[in-house]
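As structure tokens, the structure follows; a few thoughts come after it.
Structure, rendered in structure tokens:
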């Protein structure tokens, strides 16, 4: 009888261990993490702990206005009344890992990097203080090229243009289509909504930020240092945890691997200013001047 009881206890313990392993494996596979869309590319990342902090505790309305710094420069600045704290907060709810993952330093660094990159993308000219005082001025690009690439998955709609709109200036039909599917709008038939609805506009920027782009990792994983570069990445100068690599993901073909350039200096300038504002060390490798862009 004692032997039977011991055997039953041993079997129960083994079943408990096996069920724990199955649960752990189940939690690690499939689904969406932090708003990330599932794709066919494999990226070498290790997920941080699930977020437990509300983004509203980190980005107050007053801090939001300081981060954008466009509320003072309303003349000729369309974005000053378009991009609001309320619209940002509503959009961020769809991406709970943004700004809420990792240590307090990592969270502030991601917020600084996101608002620096989006400020650079939307900077308008002709305002006092120059480009570094005009972040979030532009809602949509003055370049009205159609940005239509042949695509079976995302064929362009007649008469529609997929030029830059929103905080990260989303471009191309395939990006509008994939982003719209992920966040809930028809990006092919109604791309204009990105320049009309500020919540949708912020969602497009956060979608791009949280989602791996082609064979590149997500901006989120890079700035947190979660992404682990391969030997090819290291030889190309692409390092993890660095703002310069984020720039490479966003606009590498235009700005990276060409030495110092005007656009790169604006991006770095915004990041250093917002780093001071948030009290974070912007660290090394803030530019991508010597990085090779991803194909």
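Residue numbers (mature numbering (1 follows the signal peptide of the UniProt record, and there is no 0)): -24 to -1, 1 to 271.
Each residue gets a CB set at the ideal place from its N, CA and C atoms; glycine is no exception.
Per DSSP, residue 62 has no beta bridge partner at all.
Runs of the alpha helix (DSSP H) spanning 4 or more residues and lying entirely within the region 115 to 171 occur at 149 to 159, in chain order.
Per DSSP, the continuous alpha helix (DSSP H) segment holding residue 89 begins and ends at 80 to 97. DSSP places residue 174 in the uninterrupted alpha helix (DSSP H) bounded by 174 to 186.
In the DSSP assignment, residue 54 is bridged to no other residue. Boundaries of the alpha helix (DSSP H) around residue 42: 37 to 44.
Around the CB of residue 120, fewer than 16 other CB atoms lie within 10 Å, so the residue is classed as exposed.
The way I'd put it, the region 223 to 243 does touch the region 264 to 271; three or more beta-carbon pairs between them come closer than 8 Å.
Counting along the chain, the unbroken alpha helix (DSSP H) around residue 222 starts and ends at 219 to 231.
Bridge pairing for residue 189: 192 [DSSP]. Here residue 198 is near residue 221, since their CB atoms are less than 8 Å apart. Using a Cβ distance threshold of 8 Å, residue 116 and residue 141 count as a contacting pair.
Buried is the label assigned to residue 87, since at least 16 other Cβ atoms lie within 10 Å of its Cβ. Taken through DSSP and simplified to helix, strand or coil, residue 110 comes out as coil.
Taking a cut-off of 8 Å on C-beta distances, the region 122 to 131 does not touch the region 232 to 251, as fewer than three cross pairs fall below it.
When C-beta atoms of the region 205 to 224 are compared with those of the region 56 to 75, fewer than three pairs fall below 8 Å, so the two segments do not count as touching. Non-local C-beta neighbours of residue 256 in its own chain, meaning closer than 8 Å and more than five positions away in sequence, comprise 81, 84, 85 and 88, ordered along the chain. Residue state for residue 265 is assigned as coil, using DSSP reduced to three classes.
Collapsing the DSSP output to three states places residue 243 in a helix. Separation of the CB atoms of residue 39 and residue 94 is rounded to 15 Å, and the pair is thereby denied contact status at 8 Å. The beta carbon of residue 171 lies closer than 6 Å to those of 115, 116 and 141 in the same chain, with the five residues before and after it left out.
Ranked by how close their Cα comes to the Cα of residue 134, the residues 111, 155, 151 and 166 have 166 in first place.
Rounded to whole angstroms, the separation of the alpha carbons of residue 173 and residue 201 is 32 Å. Assignment of residue 209 by DSSP, reduced to helix, strand and coil, places it in the helix class. Sequence-distant partners of residue 215 (beyond 5 residues in either direction) whose C-beta falls short of 7 Å from its own C-beta, in its chain, are 205, 221 and 261. Contact between residue 52 and residue 100 holds: their C-beta atoms lie close to 7 Å from each other, under 8 Å.
Contact annotation: residue 31 and residue 68 have beta-carbon atoms nearer than 8 Å.
In the assembly as shown, residue 33 is an exposed residue. Its beta-carbon has fewer than 16 other beta-carbons within 10 Å. Around the beta carbon of residue 190, fewer than 16 other beta carbons lie within 10 angstroms, which makes this residue exposed. Here residue 96 has 242, 243 and 246 as same chain residues with Cβ atoms under 6 Å from its own Cβ, once five neighbours each way along the sequence are excluded.
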